[in-house]
Structures are given as C-alpha cells and as structure tokens.
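S.K.:
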Amino acid sequence: MYWPVDGEEEFGQIAVKLLTTHVFAEYVIRNLRLYRDGEPFRYLTQFHFTAWPDKSVPESPWGLVDLYQRVMAVPGSGPILVHCSAGVGRTGTFIGLCNLLQEAEATGKMDFRATLWKLRQDRMNTIQTVEQYIYLHHVALVGHMVAGTTIQVEDLKYKLFSLESEKGGNKSTRNYKQEFEALEEVCAATKSEPPLEEHENSVYQNITNISKDRLSNILPNPSYRPELVPDNLHKNTYINAVLVPTLTKDRQDILTQLPLPATVTDFWRLVTQYNVGLVVAFDTELQETDKTIGEFLPRSVTEPFENDSYIVESKSAVESGLVTEISLTVQQKDVPGLDSSGTPTKKDLAILLCRGLEIDPSFVLSLQEKIRSRRPLNNSRTIYMCRNGADKSGLTCIQSIVLDRIKLDQVLTVPLVVGKIKAIRPEVIPTVDEYQCLYRVLKLAHESQNVYGNVGASPSISNESGKDKIGSSSSDNRSSISSKCNSSSCVGGGVVVIVVVVVVVVVVVVVVVAVVVVVEAVVVVVVVVVLLLVNVVAVVVVVLVVALCGSRTNLPKKHVAFVLRRPGRSNDQRKQSAIFQGHTTLQEEEEEEEGGEEEKEKEEEEEGGEEEKEKEEEEAREEEEEEQERTYFL
1 MYWPVDGEEE FGQIAVKLLT THVFAEYVIR NLRLYRDGEP FRYLTQFHFT AWPDKSVPES
61 PWGLVDLYQR VMAVPGSGPI LVHCSAGVGR TGTFIGLCNL LQEAEATGKM DFRATLWKLR
121 QDRMNTIQTV EQYIYLHHVA LVGHMVAGTT IQVEDLKYKL FSLESEKGGN KSTRNYKQEF
181 EALEEVCAAT KSEPPLEEHE NSVYQNITNI SKDRLSNILP NPSYRPELVP DNLHKNTYIN
241 AVLVPTLTKD RQDILTQLPL PATVTDFWRL VTQYNVGLVV AFDTELQETD KTIGEFLPRS
301 VTEPFENDSY IVESKSAVES GLVTEISLTV QQKDVPGLDS SGTPTKKDLA ILLCRGLEID
361 PSFVLSLQEK IRSRRPLNNS RTIYMCRNGA DKSGLTCIQS IVLDRIKLDQ VLTVPLVVGK
421 IKAIRPEVIP TVDEYQCLYR VLKLAHESQN VYGNVGASPS ISNESGKDKI GSSSSDNRSS
481 ISSKCNSSSC VGGGVVVIVV VVVVVVVVVV VVVAVVVVVE AVVVVVVVVV LLLVNVVAVV
541 VVVLVVALCG SRTNLPKKHV AFVLRRPGRS NDQRKQSAIF QGHTTLQEEE EEEEGGEEEK
601 EKEEEEEGGE EEKEKEEEEA REEEEEEQER TYFL
C-alpha cells in the first residue's frame, strides 16, 4: 500500500500525508499531500474502487459509471494514473470506458473493437476476459445514457422545466417520460441474469420457500438476498428480501415484503440477526382485508404480540398525520432447544407505519424528515417494506439516497441512483409517475431549504492573510485593501505644520519691518512681494496637508482585508470542491463567515462613532484655518 492509513508516512525520499478520506458504498476518495525536500507540496486525489473482484466484474455497471463521473469532475489538466493489481484487466476496462464515452461525445458513435485494438497495441492483454469485454459494453451503455442528466443545485429549476416539457428533445432536454423509458431500456439490457443452476437451485424450487413469496414475479436477487441464521427450531434460511446500498455503505439497508402469516417469525429473525434499528412500513392498514398479511405488531401498549419465538412489546405510539411512530422492544423467548447464535435476546427499535403513499411530494418529503430524525446513528440498518416489497418501499428508499446525495455533493444524477437499486430489485420505481416524484420532492426540498442551505451566498469578509476558504493561494482569487493610518497622528501633524508656518510668518514680518527702516522703498517692495508669494505657498501646503489627513481619517484604524471568492462559485460548489480536494467544509466556512460578519458589524459601529468625532474635529480645524488665513493675509 503506497498511502498512509492515517497521518503521514515516508516512502523513500517522499513524505505522503493523508489529508481526508471519504468513504462511499463502492469506492473511497482520499486526498493526499506529497512532499520532498527542496520542492513545493504536491496534492493528489485518489479514487479507490472497492467493488471490483480480481479477474471478474462487478455485480452491476452503475457503480463504475458513478466513479467515472467523480473522476471527470476533478479539476486539473494533468494525466490520470490508472492501476490495479496487474494493470491490464480492470485498468484496461476503465480506460476503455473513458475512451468510448469521449468518442461518443465527439462523434455520436462507439467502436468497441477499435478501442480494444488500440489499447492492446500499447499494452498486451488489456481487458483480460470475455466477461470484462461484455461488462465494458454495459458500462459504456449506462455512461452514454446518463450523460447530460446530471443536476447541479443552481440549475435545478431549469432542469425540471425541461423535464416537464411535453415534447422533450435530445439527452440534455429529455422530459420525464423519455428519460424514464431510456432508463428502463438500459436496465433491461444490463440486467444480470442468474446462472441456470441458480434457477434450478433448491432455494427457489423448494416448496417451502415458494410459499414464502407473496408474488411469484418478485423474487430476491440471489447475490443480494440476506440469509437467515438457522437454529434448532428454524432450519430455513430463506426470506424474500434484498440488501441495498446507502450513499456510504454497500448492502446496508433492506427491502422486503410485509410478512405473510407463515413468515412473521422470519421477519423478526431478520430484524434481530441483521441489527435493524428502524422499520418503515406501508400497506399495514390492508391487514383487515388482505389475509396474506400476517399479524406481526402488538395491538396496543398493554397488549404485546407473541408467537412461538418472540415477544414484541410497544413502549409508546405517537400518531402524526398519516404516520404512526411506535417504539418497540423485541425479545427472543427462552425456548429449550432454541439457539440464538450470538444474537441479542432483546432489542429496541422504532417503526413508522405509513397509511398509504399517494404520489404527493409534500407527504414524501415530510416522511423523509421523520426517517432522518429517527435514523439510527450506529451501524444498525433500516428496513423499508410494503405489500410487494418493491413499489412504495423502493420509492422511499431511493428518495432517501437522492436527498443524501444532493445534500453532500450539491450534484446529482438521478438515473444513476435509480439504476443502482433497480439492478438489485428491478421492480422498484415501476412507473413514470414515481420517477417524476423523485424530482418533485427534490424541488420541494430545495425550495423549503429543509435539506441544504442557501445557494449563492454573498462574498465573505475575512481578516485572514494566508489561504482563502477553499485552501487555494490568495494571488488569483482575492484582492485586499489595507490602511494603517492613524487619524490622531494625521491631525497632530497638521497642527505642527500650522504652528511652524505661523512662526515663520511672524519672523518674516519682523525682518520686513527691520528692512523697511534701513533700506530704500524699492527694495522693500521686492521683499514684500517675495514674502507674499512664500506665504501663499505656505497656506496652500497647510490646506493640502489638512485635507489629506481629513480624507484618510475615514478609513478604519485597524488593518482590514476584503476577501473575494472566485466568481461563479457558490457555497454549494465550494463544498463539492472540498469533497475532492480535502479543504475546509461548508459548515466551518459558514461559521467563520458568521464570525467575520459579526466582527465587521462591530467594527462598523465603532467606526461610525469615530467618524462623527473626526467630522467635528475637522470642522473645528477648518474654522481655525479660515481664521488663521484671514489673520495671515491681513
């Protein structure tokens, strides 16, 4: 490993310091600083893709396209270094993706065979296997489809306007229907079909397991299905559920169906064995009419739920609109022969029961706020479930990732987020209305400012003299105006000059009187004229000195630097840059700006009082000067 896990480490003559680490579900972004004696610091951004097994391919193409967009967003004109263990398979696939997408942007076509031939001219065996070559087709298809669909916060209204148009157009101006249809086509083309032996596997053909599926056309992807730990009473490991990623963790949350009467115990096994801290459930109000929905919750605080393996008690229940929040305690029974396999026998969790989910952005956003306020802070998981385990639960799960992504990056590609989950559970977001809801909730969140702060804030004022808020040098993006003038010293200097001039005038007058007594009148006239000219020059000098000091007293007494941010970069964009470059976070910047604004207001109040005082002093000086001028010319 050529980078430090933490802190700083030397590799030969080069010292490498780890500045920041940002962990996402499928990759890690590290910002490094390199130093060698006698040379300036150099900074490096490393993207470490962690979801690619050696000599194989990832489960889906969406994660690599996400990484590609991240890499392309980093500013800089230098070359990109790509490597893996051997430098041919995974490396060649990523370089091929870059070349193909650039070719598609320039010509509208992608020549896979020519790209492979060119890569192998420079490095033999680039793209090692047939699976990697097929995977290259998939990632190129996804990358081409999502091109032009990225949204920046400041462009959100324009993007939504183009999506809501009836006609639509090219990729950058497609409407909701066109974008959704393109997404569906790509998802179908890149869908990873399980091998034939998986279909014939007893897990899916077992009669017991078939009875645990509410709908035969919605089955869990075998690569993402959580397996239950068997015990002496429950040998079966199957449950119709899938593990889905969050923004920062792979296979973290769970999508599942409402439990059937025969799978209630399996549901609570899932909760306890997979450390679930929050459950978001829909369609539970259908239990009275839909007999396929099993009873799994306590009926009241005083009436717990109990079956052969678990006791579920309700500690409290709070109803708010269409959502009821219940605090639960799940306890595993001490049954002879029941092996808990190290699972805690008692667990606390919260469940949000949602009665219906109309495509209403206001309700979806308010539900997201409730989920965020109750989301577990530790590593515990969240379960999203509805009757079929896909539509309502999938919409809520994806909406949560969308809001997390836009909050963190201020940049979002909605088809990428949806595609990642559809690769695991193809039945999520089944209609264009649900797809449109994702954007409308995003718009509502932006307008209400509930998810992220103000966009395009005004330039900040700071008294720093080193680096600006985003860590770059000050030579290219800040201008400063400074003054160390002390108004009292200026006034004192003017008084001294006036006194000196008066003394000189008095001496000259005395000399003139003496000369008049002893010399002729002609000489006296010449001398008087010269003295008058000298006096006029002296008066002009005094007036200029006083005027100069008076104008400079309006400047603050302390040194002030007005720091201007780079034009066109908002708070949100600077935060995105900080993610890649490892600089000050937006929250720290806002705190510094608030402190600077408070200090500025305090200084302005002090300067206001000083200006009034200095104005009075200046008026007094002007009256004194006018009186002196009258006396002088007399």
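So for the sequence shown, full-length UniProt numbering puts the first residue at 1; every next one is plus one.
We put the CB at the ideal spot given by N, CA and C, even for glycine.
Whole beta strand (DSSP E) runs in the segment 246-272 with 3 or more residues, listed along the chain?
M.R.: Runs found: 253-257.
S.K.: How close, in whole Å, do the beta carbons of residue 367 and residue 396 come, if the pair is a contact with beta carbons under 8 Å?
M.R.: Position 367 of the sequence shown, counted from the first residue, corresponds to residue 367. Position 396 of the sequence shown, counted from the first residue, corresponds to residue 396. Contact flag correct, Cβ pair sits at about 7 Å.
S.K.: Can you check which of these residues, 267, 294, 5, is closest to residue 383 by C-alpha distance?
M.R.: Against the sequence shown, residue 383 aligns to sequence position 383. The option with the nearest alpha carbon to residue 383 is 267.
S.K.: Label residue 61 either buried or exposed according to how many other C-beta atoms from any shown protein chain fall within 10 Å of its C-beta, with 16 as the threshold for buried.
M.R.: Taking the first residue of the sequence shown as position 1, residue 61 is located at position 61. Classification of residue 61: buried, given that the 10 Å Cβ count is 16 or more.
S.K.: Among 243, 101, 400, 120, which residue has its Cα nearest to the Cα of residue 223?
M.R.: As a first step, residue 223 must be located in the sequence shown, where it is residue number 223. Nearest of 243, 101, 400, 120 to residue 223, Cα basis: 243.
S.K.: Out of 155, 156, 157, 176, point me to the one whose CA is closest to residue 165's CA.
M.R.: By one-based count along the sequence shown, residue 165 stands at place 165. With distances taken between Cα atoms, residue 165 lies closest to 176.
S.K.: Between which two residues does the alpha helix (DSSP H) containing residue 446 stretch?
M.R.: Locating residue 446 in the sequence shown gives position 446, counting from the first residue. From DSSP, the alpha helix (DSSP H) with residue 446 extends over 432-448.
S.K.: With contact counted as at least three CB pairs below 8 Å, one residue from each stretch, are the segment 361-381 and the segment 436-451 in contact?
M.R.: Short answer: they touch.
S.K.: DSSP beta-bridge partners for residue 151?
M.R.: For this step, residue 151 is matched to residue 151 along the sequence shown. Per DSSP, 412.
S.K.: Going by beta carbon distance, what residues of the same chain come within less than 7 Å of residue 15, once the five residues before and after it are set aside?
M.R.: Taking the sequence shown and counting its residues from 1, one reaches residue 15 at position 15. Contacts found: 8, 35.
S.K.: With DSSP as the reference, label residue 33 as helix, strand or coil.
M.R.: By 1-based counting over the sequence shown, the position of residue 33 is 33. Correct three-state label for residue 33: strand.
S.K.: Which residues does DSSP pair with residue 352 in a beta bridge?
M.R.: As a working note, residue 352 is residue 352 in the sequence shown. Answer is 280, 325.
S.K.: Determine the closest residue to residue 23 out of 67, 90, 57, with distance taken between C-alpha atoms.
M.R.: As a working mapping, residue 23 is identified with position 23 in the sequence shown. Answer by Cα proximity: 67.
S.K.: Which same chain residues, not among the five before or five after residue 401, have their C-beta less than 7 Å away from its C-beta?
M.R.: Taking the first residue of the sequence shown as position 1, residue 401 is located at position 401. If we look at residue 401 and ignore the five residues flanking it on each side, its Cβ neighbours are 246, 247, 417.
S.K.: Could you check what DSSP says for residue 26 in three-state terms: helix, strand or coil?
M.R.: On the sequence shown, position 26 is the one that residue 26 refers to. In the structure shown, residue 26 sits in coil (DSSP, three-state: anything other than H, G, I, E or B).
S.K.: Within 10 Å of its beta-carbon, does residue 48 have 16 or more other beta-carbons around it, so buried, or fewer, so exposed?
M.R.: Locating residue 48 in the sequence shown gives position 48, counting from the first residue. So residue 48 ends up on the exposed side.
S.K.: Taking residue 119 as the reference, which of 133, 107, 79, 309 has the closest Cα?
M.R.: Walking along the sequence shown from the start, residue 119 turns up at place 119. Here the closest residue by C-alpha is 133.
S.K.: Compare the beta carbon distance of residue 419 and residue 218 with 9 Å and say whether it is the shorter of the two.
M.R.: Position 419 of the sequence shown, counted from the start, is the residue given in the question as residue 419. Position 218 of the sequence shown, counted from the start, is the residue given in the question as residue 218. The answer is no: Cβ separation not under 9 Å.
S.K.: Just to confirm my understanding: we take residue 104, look at its own chain, exclude 5 residues before and 5 after, and list those with CB closer than 7 Å. What are they?
M.R.: If you number the sequence shown from 1, residue 104 lands on position 104. Correct list, in chain order: 110, 144.
S.K.: I need the straight-line Cα distance from residue 298 to residue 96, nearest angstrom please.
M.R.: Walking along the sequence shown from the start, residue 298 turns up at place 298. Walking along the sequence shown from the start, residue 96 turns up at place 96. Spanning the two alpha carbons is a distance of roughly 56 Å.
S.K.: By DSSP, does residue 158 sit in helix, in strand, or in coil?
M.R.: Taking the first residue of the sequence shown as 1, we reach residue 158 at position 158. Note: residue 158 maps to helix in three-state DSSP.
S.K.: Decide if residue 83 is buried, meaning its Cβ has at least 16 other Cβ atoms within 10 Å, or exposed.
M.R.: Residue numbering aside, residue 83 sits at position 83 when the sequence shown is read from its first letter. Answer is exposed; the Cβ neighbour count stays below 16.
S.K.: Skipping 5 residues on each side, what residues in its chain have a beta carbon closer than 6 Å to that of residue 421?
M.R.: Residue mapping note: residue 421 aligns to position 421 of the sequence shown, counting from 1. Answer for residue 421: 244, 398, 428, listed in chain order.
S.K.: Expressed to the nearest angstrom, what Euclidean distance is found between the alpha-carbon atoms of residue 129 and residue 55?
M.R.: Position 129 of the sequence shown holds residue 129. Position 55 of the sequence shown holds residue 55. Straight-line Cα distance between these residues: approximately 7 Å.
S.K.: Between residue 326 and the rest of its own chain, which residues show a CB-CB distance below 6 Å, the 5 nearest in sequence each way excluded?
M.R.: Here residue 326 is taken as the residue at index 326 of the sequence shown, counted from 1. Taken in chain order, the residues that qualify are 314, 317, 351.
S.K.: Assuming residue 349 contacts residue 279 (C-beta within less than 8 Å), just tell me the rounded distance between them.
M.R.: Indexing the sequence shown from 1 puts residue 349 at position 349. Indexing the sequence shown from 1 puts residue 279 at position 279. Right, the Cβ-Cβ distance comes to about 7 Å (below 8 Å), so this counts as a contact.
S.K.: Thinking residue 149 and residue 414 are a contact (beta carbons under 8 Å), I'd like their distance in whole angstroms, please.
M.R.: Counted from its first residue, the sequence shown places residue 149 at position 149. Counted from its first residue, the sequence shown places residue 414 at position 414. Indeed, because the Cβ distance is near 7 Å, the residues count as touching under 8 Å.
S.K.: Per the DSSP calculation, residue 318 is bridged to which residue(s)?
M.R.: As a working mapping, residue 318 is identified with position 318 in the sequence shown. In DSSP, residue 318 forms a bridge with 325.
S.K.: Under the three-state reduction of DSSP, which class applies to residue 239: helix, strand or coil?
M.R.: What you label residue 239 is simply residue 239 of the sequence shown in a count that begins at 1. Residue 239: coil per DSSP, three-state reduction.
S.K.: Pull the bridge partners of residue 274 from the DSSP assignment, please.
M.R.: Working through the sequence shown from its first residue, we reach residue 274 at position 274. Beta-bridge pairing links residue 274 to no other residue.
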